[in-house]
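Engineer: For the sequence shown, counting from 1, position 40 maps to 43 in the numbering used here; every step adds exactly one.
Glycine included, C-beta positions come from ideal geometry on N, C-alpha and C.
Since we're looking at a predicted model, the values are computed, not measured.
Below you will find the structure I want to go over with you.
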Amino acid sequence: MELCRVTCIDYYGKKTLDRVVRPTGRILDYNTRFSGISDINDPIVTETGEKGNCISFEEAHRLLSKLVSKDTIMVGHGLENDLIAMRLIHDKIIDTSILYPDFNPKYKTALKTLAQKYLKRTIQTGEHDSMEDALAALDVVKCHLK
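Written out as structure tokens, the structure reads:
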């Protein structure tokens, strides 16, 4: 599994980083339904509002390190997968899949289910959208804190 896209938002839901990351290996299948990427060369609207092309893994790390310190609290769903893909170790996390565990400990409650149940919001109706997931995870945590 390689990092294909890195997306970060702040506490208020503002996009602070959103870039497609060029994989080091050969792409055999974009797996668009789950990656949200159909062509690595398609520019996306970045955090600056401009269209940008893919960046290297090293550049993604550099940009991320400007945003995340040891004191930053990372919020997400199934964060272990993201941390592995980013080759990061971070100990201040709030993972919605742990915050709302499934009845069966072998499984995790889907973010889609949490968003519908707690936010009354329908998400993930098309291709994967990391921005949509980031916003939903943050909002689920905020709902939990109320």
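DSSP three-state label for isoleucine 12, please.
Structural biologist: strand
Engineer: Can you give, in chain order, each stretch of the alpha helix (DSSP H) that sits fully within the stretch 90-132 and has at least 4 residues?
Structural biologist: 99-102 and 114-117
Engineer: Counting Cβ pairs closer than 8 Å, one from the stretch 122-133 and one from the stretch 102-111, do we hit at least three?
Structural biologist: no
Engineer: DSSP state of isoleucine 87, grouped into three classes?
Structural biologist: helix
Engineer: Taking DSSP as the reference, what is the three-state secondary structure of aspartate 136?
Structural biologist: helix
Engineer: Could you tell me which of Leu141, Phe60, Val71 and Lys120 sits nearest to valine 23, measuring between CA atoms?
Structural biologist: Phe60
Engineer: With DSSP collapsed to three states, give me the class of arginine 29.
Structural biologist: coil
Engineer: Under the three-state reduction of DSSP, which class applies to aspartate 142: helix, strand or coil?
Structural biologist: helix
Engineer: Kindly indicate the opening and closing residues of the alpha helix (DSSP H) around lysine 69.
Structural biologist: 60-70
Engineer: Could you tell me which residues DSSP pairs with aspartate 21 in its beta bridges?
Structural biologist: Thr10
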